[in-house]
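K.L.:
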Ligand code: ASP
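Numbering (our numbering), first residue to last: 5 to 323.
1. For the beta strand (DSSP E) that residue 66 lies in, which residues bound it at each end?
2. State the DSSP-derived secondary structure class of residue 242, mapped to helix, strand or coil.
3. Within 8 Å, do at least three Cβ pairs link the region 288 to 306 to the region 26 to 44?
4. Could you say which of 269, 271, 182 and 303 lies nearest to residue 252 if we only look at CA atoms?
5. Just checking my contact of residue 173 with residue 209 at CB under 8 Å: how many whole Å lie between their CB atoms?
6. Who are the Cβ neighbours of residue 287 in its own chain at under 6 Å, not counting the five residues just before and after it?
7. For residue 274, collect the residues of the same chain with a Cβ closer than 6 Å to its Cβ; drop the 5 residues on either side in sequence, then sort them by chain order.
8. Comparing the CB of residue 2 with every heavy atom of ligand 1, is any distance shorter than 6 Å?
9. Answer yes or no: the CB of residue 229 versus the heavy atoms of ligand 1, is any distance below 6 Å?
10. Verify whether the separation of the beta carbon atoms of residue 84 and residue 310 is less than 7 Å.
11. Please state if the CB of residue 73 and the CB of residue 120 are separated by a distance shorter than 7 Å.
12. Hey, is residue 40 close to ligand 1, as in C-beta under 6 Å from one of its heavy atoms?
13. Nearer than 6 Å: is that true of the beta carbon of residue 145 relative to any heavy atom of ligand 1?
14. Does the region 15 to 24 come close enough to the region 116 to 136 that 3 or more CB-CB pairs lie under 8 Å?
15. Is the beta carbon of residue 151 less than 7 Å from the beta carbon of residue 184?
16. Between residue 177 and residue 242, how many whole angstroms is the CB-CB distance? I'm expecting something under 8 Å.
17. Could you tell me whether any non-hydrogen atom of ligand 1 is closer than 6 Å to the CB of residue 279?
18. Does ligand 1 have a heavy atom nearer than 6 Å to the CB of residue 187?
19. Do the region 159 to 171 and the region 298 to 306 meet, that is, are 3 or more Cβ pairs less than 8 Å apart?
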């Protein structure tokens, strides 16, 4: 299936749709999804799950490592009574290691499944898979491109934590160049009345293609190298890891690694009502001493990922 360049809304029907890019979402669809995620939270908290997706099969096909995205999709499918084919422990144990093409792998897996969640190291791979497949493909990260389901859960988390998506100052910190979660979240935030602050080393600034979209949307935006410049005014601090695997020159990685760490001392400069998020894994960007600060939302963010993915799977599978 192929839905590129189509906005999915407005009569709000996600059934049989691919989820490839955040560009497919408008605010009506986002509201719909967030309300469904709330419904999923209620179901999990009251009865644990249901059987809406019984006899439905999801394949998780991951060409890159994952902890949260893969397991939350699996948990989501299980909570809704469905089954999973998990190819998440490394495609080296599948025929990919024998040289099988993405096209053949996808066309094979769709014979067994109702939906495929795909993570791949190449930008555009999810769209290619969607072009080959007749069943819905959900992009779980395509190289340094996009990670739409992460951005959806990030936006949902901001709304849950702060009660609104408007009037906020949001600072994104770290690897803005290669961080696909930053690219997707930034694009989604353009639907709202926000100010954006981008904090990174020079080498890892937000790509121009994304920055131009921010500027075209008329958003109040500034870039800086130091988190101390933005922390006092931020409502959301979105921390990210430097994406070591995307560097062709590891010497460059060595130059920028450890560029930023959110410490308890820095947190004393932050507002009392603000939220710290991170798509995880963290590798030194947030001091463990912050974990019990009520503003640290990253574990709640992880749980929200399951609710959002339950909402997406149910919607895509027509429930
Ligand atoms: N887990 C996120 C991703 O797959 C963030 C990261 O790896 O740094 O993009």
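Glycine included, each C-beta is placed from N, C-alpha and C at the ideal position. In this text the structure is predicted, and so the values were computed from the model without any measurement.
P.N.:
This is what the structure holds:
1. 61 to 66
2. strand
3. no
4. 182
5. Wrong, their Cβ atoms sit about 19 Å apart, outside the cutoff.
6. 245
7. 235
8. Summary: the structure shown does not reach residue 2, with the chain confined to residues 5 through 323, and so no result is reported for it.
9. no
10. no
11. no
12. no
13. yes
14. yes
15. yes
16. 7 Å
17. no
18. no
19. yes
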